[in-house]
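To start, the structure itself, in structure tokens.
Numbering (the working numbering), first residue to last: 59 to 134.
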């Protein structure tokens, strides 16, 4: 059994840090590309499309929470 993306601390931190360093369309483009790549990897490893989509969606929620915590804590 694979650990869900949103529970993998390194992935969450890397994506949150990268998104925090981008603004507007650059951030949107980065997230769309990241989500697309992660979705492909999950499906290629045998995860059902619907499950993979939910996992990527949950990753986004966790990443946004991490970004908010970092900004409140004074880190970017």
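Glycine is no exception: its CB is placed at the ideal position from the N, C-alpha and C atoms.
Please report the residue range of the alpha helix (DSSP H) in which residue 110 lies.
Taking the chain shown and counting its residues from 1, the one referred to as residue 110 is at position 52. Here the alpha helix (DSSP H) through residue 110 covers 107-130.
Less than 8 Å between the C-beta atoms of residue 101 and residue 107, yes or no?
Within the chain shown, numbered from 1, the residue matching residue 101 stands at position 43. Within the chain shown, numbered from 1, the residue matching residue 107 stands at position 49. Contact flag set, yes.
When you compare only the Cα positions, how much space is there between residue 119 and residue 91?
Looking up residue 119 in the chain shown gives position 61. Looking up residue 91 in the chain shown gives position 33. Approximately 16 Å between the Cα atoms of the pair.
With 16 other Cβ atoms within 10 Å as the buried cut-off, status of residue 134
Against the chain shown, residue 134 aligns to sequence position 76. Note that residue 134 scores 49 on pLDDT, short of 50, meaning its location in the model is unreliable and no value can be drawn from it.
Span of the alpha helix (DSSP H), counted from its first residue to its last, around residue 97:
Translated into positions along the chain shown, residue 97 becomes position 39. Counting along the chain, the alpha helix (DSSP H) containing residue 97 begins and ends at 82-102.
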